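Chemist: Here the sequence shown stands for residues 7 to 950, where the numbers follow our numbering.
Positions of the beta carbon are idealized from the N, C-alpha and C atoms, including for glycine.
Here the structure is a predicted model, which is why all the values come from computation and not from measurement.
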Amino acid sequence: MKYYKIYTLLIVAFLFSNSEVVLAQNLIETQYLSGTDKDNLVEWDFYCSDGMNSKEWAKIGVPSCWELQGFGNYNYGRDYKIPKEYHDEYGLYKHKFIVPKAWKNREVKIVFEGVMTDAEVKINGKLAGEIHQGAFYEFKYSITKLLKYGAENLVEVKVNKMSSNKSINSAERNTDFWIFGGIYRPVYLQAFPKEHIERVAVDAKANGTIKAELFTKSKKALQTKIVLANAKGEKINDLNVEQLAKENGKWTVSTKASDIKSWNPEKPVMYQLHFSLMDKNGKNLHTYIQKIGFRTVEVREGDGIYVNNQRIKFKGVNRHSFHPESGRTTSKALSIEHIKMMKDMNMNAVRMSHYPPDVHFLEACDSLGLFVLDELCTWHTPYLDTKVGKKLVKETVVRDVNHPSIVLWDNGNESGWNTELDDEFSKWDIQNREVIHPWGIFKKTNTFHYLPYHGLAYDGYVKDKISFPTEFLHGLYDGGHGAGLDEYWKIMWDLPLSAGGFLWDFADEAVVRTDKNRALDADGNHAPDGIVGPYGEKEGSYFTIKEVWSPIYIEDRYIRESFNGEFRVENRYHYTNLNACTIKAKWVKFDGPKGSTEEQIISESNVNLPSVKPEQKGIFKVDLPQNWTSADALYLTATDQHGMEIFTWSYPVKLPKNYNKNKISYSGNGKIITKTGDSKIEITVKELDLTFSAKTGLIEKVVKNGVLIPLSNGPIILDSKNKIDTVYVNSSEEKVEVIALFEAKKKYYDWKDNNEMTRESIKWTIHSNGIVDLNVEIKSTRKTKGFKGITFSFPEKEVAGMKWLGDGPYRVWRNRMKGTQLKVWESDYNNTITGESGYVYPEFKGYFSSLYWMQLRGNNNNGFNVYNHNAHTFLRMLTPDKPFEALRGSDDTKWPSGDISFVKNISPIGSKFKEIGEMGPTSNEEMIFGNDDEPIKIDLTFEF
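1. Please state whether the Cβ-Cβ distance between Asn243 and Trp510 is less than 8 angstroms.
2. Which residues mark the beginning and the end of the beta strand (DSSP E) in which Cys383 is found?
3. Mark Ser757 as exposed unless 16 or more other C-beta atoms lie within 10 angstroms of its C-beta, in which case mark it buried.
4. Can you tell which of Tyr459, Ser504 and Glu430 has its C-alpha closest to the C-alpha of Asn452?
5. So within the stretch 678 to 714, which uninterrupted alpha helix (DSSP H) runs reach at least 4 residues, ignoring any that extend past its ends?
6. Just list the beta strand (DSSP E) runs in the stretch 557 to 622, keeping only unbroken ones of 3 residues or longer that don't cross its boundaries, in chain order.
7. By Cβ distance below 6 angstroms, which residues in the same chain neighbour Ser169 in space, the five residues on each side in sequence not counted?
8. Should Thr697 be labelled buried (16 or more other beta-carbon atoms within 10 Å of its own) or exposed?
9. Give the DSSP-derived three-state secondary structure of Gly395 in the structure shown.
10. Closest by CA to Ile189, which one among Phe77, Gly299, Ala197 and Pro658?
11. Is it a yes or a no for the stretch 871 to 878 touching the stretch 661 to 668, going by three-plus beta-carbon pairs under 8 angstroms?
12. Roughly how many whole angstroms lie between the Cα atoms of Asp380 and Phe935?
13. Return helix, strand or coil for Cys54, following the three-state DSSP convention.
14. Just curious, the beta strand (DSSP E) that Asp416 is in, first and last residue?
15. Give the DSSP bridge partners of Ser843, in chain order.
16. Can you name, in chain order, every residue of its own chain whose Cβ lies under 6 angstroms from the Cβ of Ile678, other than the five neighbours on each side?
17. Tell me, which residues are paired with Glu219 by DSSP?
18. Can you tell me whether Asn254 is buried or exposed? The criterion is at least 16 other CB atoms within 10 Å of its CB, across all chains shown.
19. Can you check which of these residues, Ala237, Leu250, Gly310 and Ser282, is closest to Pro274 by C-alpha distance?
20. Around the C-beta of Glu651, are 16 or more other C-beta atoms found within 10 angstroms, so that it is buried, or is it exposed?
21. Could you check the C-alpha separation between Ile116 and Val193 for me, to the nearest Å?
22. Please classify Thr643: does DSSP put it in a helix, a strand, or coil?
23. Tell me which residue opens and which closes the beta strand (DSSP E) that Asp94 is part of.
24. Restricting to runs no shorter than 3 residues, where is the beta strand (DSSP E) found entirely within the stretch 705 to 786?
25. Cα separation between Met933 and Gly490?
26. Give the straight-line distance between the Cα atoms of Lys552 and Gly825, rounded to the nearest whole angstrom.
27. Who are the near neighbours of Gly214 in its chain, counting only those whose CB is closer than 7 angstroms to its CB and skipping five residues on each side?
28. Flag this pair as yes or no: are the beta carbons of Lys160 and Lys102 separated by less than 8 angstroms?
29. Leaving out the 5 sequence neighbours to the left and right, which residues in its chain are closer than 6 angstroms to Asn419 when beta-carbon positions are compared?
30. Would you list the one or two residues that DSSP bridges to Asp535?
31. Thinking C-alpha only, which one of Ser673, Lys669, Lys710 and Ser671 is nearest Thr689?
32. Would you mind stating whether Lys226 and Glu201 have Cβ atoms separated by less than 8 angstroms?
33. Looking at the structure shown, is Gln196 part of a helix, part of a strand, or coil, going by DSSP?
34. Are the CB atoms of Tyr277 and Ala218 nearer to each other than 8 angstroms?
35. Distance check for Arg357 and Glu113, CA to CA, integer angstroms please.
36. Under the assumption that Asp4 contacts Gly720 (Cβ atoms under 8 angstroms), give the Cβ distance between them as a whole number of angstroms.
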């Protein structure tokens, strides 16, 4: 006997007021012919016409994309640009199954949740219906008369990877994403009672009013009974049917529920409606169970998008249905995993790019809470022809109409809209949701893609349109996403007609190549666009987004001696009072390089959050323990009403100079031997041998216990054109100083009567216990496009890892500073190219902010410790490798010379579509310091 499994759809037994029991035979029964998801496949017989493992019958797991199972050929949707051959193989599927004899008196349908692309279905050698076209849409056939009950049956499916409809190939295959072939979503049978409800469409408003359409051909049913149940199916009460109209197989009913809780993404309360068909004797013919949420969506012209009478802003991301090992075949577990990551980033919305997703993804959006933009797949032009487009709009809306998470329909993507389809959505949508044109100006909305920062001025002739880019801050490699988001969001949050936006996109779409030894392939620079990697690896932008989009917005705060514990806060929830959340305050101390990475908590308390309504501001106060000034930092951890962490903010209490004074010991004496020549200054103390240039004062060589520590050629003062004036040595028993003075210049070049002079300088101090101090003074400047700081050489091949106290664990860019935490971090060396290779995160190489100290681990016991004594100093650790064909600003980054640097400013990063400078003030390569009479100081202490 062939494998099959029977489920009764939502089998529940509940009692009506008349104690009638609803039995299983009055519900829909489901028998899977395939597996249920990417992790549960069922073998079918399979023949592939071309490519890998072709031209012979074999076995294939269903559901799946056949390329990932080792058949056929791979294509990326942009291959026509190269040009590269588009493969058009077809697949033949066969599968035997047994239908229960008891189903003979039921209506049986076969359901395909998704097939790429054209599908011809036969049951026992006879066509089940017309060939279906369109890869991302559920379709079904009534096969009651084609089945053998209680006996073996055969389903045969011919799947053409390329459609015979040219407009479908343009819409679905000439795209900027991977294209596959196969029965990639589940296949199952549904057995209905003879007298049954085919489907229902429900409009459940936030005030409890319900309008529903019941589609039935029953001739025996005279009335319907409606029961409201909770999400678990437990009866709440009977609902009074206020109106019932019957017309052409559609019953329209109205009722109202009382004391309900509305659905929103912050508290997504779900219910069930149980619709029962009743005959003239009151007998239950069929009960159809539909999950719903009560909510009201309005797009108010010249005002905003309202859900439950609350104007909202989308904090959203685009998402493909994708897994690297299974392509478009996914699972409920993966859907939940992705949504939980989105929620963890404090997102409240997701756009389906660029097609309707799996049903389980929408169900998870309903239950976990995300606004959804559901999209008809048509990518650029030519767009879908009207005839097939009407069918696919119907299939999209009929399947997805009842999901409370869906608030808008997308008619295609980026000019891919056939305007003859705009009015088709409402024909099938009882809720009459608005239709948008993603990246276009249409009716009440403007969804322009990849707008530059100055586009947020929003002062053009369409300034009365509701604005929300359905794609912005493109995330190619490490660009976009969190880079620039803070400044974009400040404008978008305060702009009345801004409804937020959707980042591009959620995950790197790198697929396993079964034809290339299972290598991961993102098709060059086409698909490494994610906030997370192909397996969900979190990139640096993940945590930047988490902080920027935190619904608890805490104004920037610096703790100094006058600190009184007060923080100004804004409630950026739409539906939740601030006091529904909690904040815990921790005062912590950190160990030095030889200690633990775990912080020591010296005091901990709960913050009494005030009542602050959504979108309002207030103040909360942190209790100050008596010993708060002895702490190194303050942590504030916010937790939402569901127990999920919103974010942890960290605030330095001690600045580096104050923190480090107890971490460095100058005790212990040794004899210092100094040799000064024309070209070298050689200093020996204890087991340490140091060599400096007598001409520049730069360190040339460090040897400890006979082992070379390859730190050299520094400190070079970056972007300085000043020349060395003199180098000299001061010696005593306790220390030796090597001082390099640059040429003196007038402090005020245009003040003739003032003769004050200034000069840059380098001073090394070698103490008798082997500790080495470095003090560098750099002429201040009002602004720079270069770097202010110092740099050293240290061969990358000698680096094994580092441990540091500072912001981390992820690197930063000038326009992506948020998302880090002050802490002791530790990281092994990696050479990850973000989105392209390695996929080990956090990346080891880059800029790291707020450095206190760093312990460099060498591959040959040749590392060192360095302490930084100046606030707001960045560590530059090596230089990341360049990604493949990075476009525009996606890797337009500048790096100091050398390998390890200590700098006061760092470079920003752009995005695929925006150069550096187009994404806001911190995206500008020019840093403005202001006028400072004092020099810029870099003060370091080395322990070799």
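Modeler: Reading off the structure:
1. Counting from 1 along the sequence shown, the entry for residue 243 is found at position 237. Counting from 1 along the sequence shown, the entry for residue 510 is found at position 504. In this structure, Trp510 does not lie closer than 8 angstroms to Asn243 by Cβ.
2. Here residue 383 refers to the residue found at position 377 when the sequence shown is read from its first residue. Element bounds for Cys383: Phe377 to Trp385.
3. As a working mapping, residue 757 is identified with position 751 in the sequence shown. According to the sequence displayed, residue 757 carries Trp and not Ser. Exposed, since its Cβ has fewer than 16 Cβ neighbours within 10 Å.
4. Position 446 of the sequence shown, counting from 1, holds the residue named residue 452. The option with the nearest alpha carbon to Asn452 is Ser504.
5. none
6. 558 to 560, 572 to 577, 588 to 595 and 606 to 613
7. Within the sequence shown, residue 169 is the residue found at index 163, counting from 1. Within the same chain, Ser169 has close Cβ partners Thr123, Asp124, Gln139 and Asn175.
8. As a working note, residue 697 is residue 691 in the sequence shown. Buried: at least 16 other Cβ atoms inside 10 Å.
9. Here residue 395 refers to the residue found at position 389 of the sequence shown. DSSP places Gly395 in helix when its eight states are reduced to three.
10. Counting from 1 along the sequence shown, the entry for residue 189 is found at position 183. The residue with the shortest Cα to Cα distance from Ile189 is Phe77.
11. yes
12. By 1-based counting over the sequence shown, the position of residue 380 is 374. By 1-based counting over the sequence shown, the position of residue 935 is 929. One C-alpha to the other measures close to 46 angstroms.
13. Here the question's residue 54 lines up with position 48 in the sequence shown. Reduced to three states, the DSSP call for Cys54 is strand.
14. Taking the first residue of the sequence shown as 1, we reach residue 416 at position 410. Ile412 to Asn419 is the span of the beta strand (DSSP E), which, as asked, contains Asp416.
15. As a first step, residue 843 must be located in the sequence shown, where it is residue number 837. DSSP, once it has assigned bridges, lists Ile839 as partnering Ser843.
16. Working through the sequence shown from its first residue, we reach residue 678 at position 672. Around Ile678: Val691, Val742 and Ser774.
17. Mapped onto the sequence shown, residue 219 falls at position 213. Glu219 pairs with Ala207 and Thr258.
18. Here residue 254 corresponds to residue number 248 of the sequence shown, with the count starting at 1. Asn254 should be labelled exposed.
19. The residue given as residue 274 occupies position 268 in the sequence shown. Selected option, being the one with the closest Cα: Ala237.
20. Mapped onto the sequence shown, residue 651 falls at position 645. Counting Cβ neighbours within 10 Å, Glu651 comes out exposed, since fewer than 16 surround it.
21. As a position in the sequence shown, residue 116 is number 110, starting the count at 1. As a position in the sequence shown, residue 193 is number 187, starting the count at 1. If you take the alpha carbons of Ile116 and Val193, they lie about 7 angstroms apart.
22. Locating residue 643 in the sequence shown gives position 637, counting from the first residue. If DSSP states are grouped into helix, strand and coil, Thr643 belongs with the strands.
23. As a first step, residue 94 must be located in the sequence shown, where it is residue number 88. Careful: Asp94 lies outside any beta strand (DSSP E) and carries neither H nor E.
24. 705 to 710, 713 to 715, 718 to 723, 730 to 737, 741 to 748, 767 to 773 and 778 to 784
25. By 1-based counting over the sequence shown, the position of residue 933 is 927. By 1-based counting over the sequence shown, the position of residue 490 is 484. For Met933 and Gly490, the distance between alpha carbons rounds to 15 angstroms.
26. Taking the sequence shown and counting its residues from 1, the one referred to as residue 552 is at position 546. Taking the sequence shown and counting its residues from 1, the one referred to as residue 825 is at position 819. C-alpha separation (whole angstroms): 7 angstroms.
27. In the sequence shown, residue 214 corresponds to position 208, counting from 1. Taken in chain order, the residues that qualify are Lys262, Ala263, Ser264, Ile266 and Phe300.
28. Along the sequence shown, read from residue 1 onward, the residue named residue 160 stands at position 154. Along the sequence shown, read from residue 1 onward, the residue named residue 102 stands at position 96. Correcting the residue identity first, residue 160 is Leu in this sequence and not Lys. Yes, these two residues count as a Cβ contact at 8 angstroms.
29. As a position in the sequence shown, residue 419 is number 413, starting the count at 1. Counting only Cβ-Cβ distances below 6 angstroms, and skipping sequence neighbours, we find His360, Trp385 and Pro444.
30. The residue labelled residue 535 in the question sits at position 529 within the sequence shown. For Asp535, which the question treats as bridged, DSSP gives no partner whatsoever.
31. On the sequence shown, residue 689 is found 683 positions in, with the first residue counted as 1. In the sequence as displayed, the identity of residue 689 is Ile instead of Thr. Checked all of Ser673, Lys669, Lys710 and Ser671; the closest Cα to Ile689 is Lys710.
32. As a first step, residue 226 is located in the sequence shown; it is residue number 220 there, counting from the start. As a first step, residue 201 is located in the sequence shown; it is residue number 195 there, counting from the start. Result yes, Cβ atoms of Lys226 and Glu201 sit closer than 8 angstroms.
33. Reading the sequence shown from its first residue, position 190 is the one you call residue 196. Reduced to three states, the DSSP call for Gln196 is strand.
34. As a position in the sequence shown, residue 277 is number 271, starting the count at 1. As a position in the sequence shown, residue 218 is number 212, starting the count at 1. Their beta carbons are not under 8 angstroms apart, which means Tyr277 does not touch Ala218 by this criterion.
35. For the purposes of this step, residue 113 is taken as the residue at position 107 of the sequence shown. For the purposes of this step, residue 357 is taken as the residue at position 351 of the sequence shown. One C-alpha to the other measures close to 36 angstroms.
36. Since the displayed the chain opens at 7 and closes at 950, residue 4 lies outside it and no answer follows.
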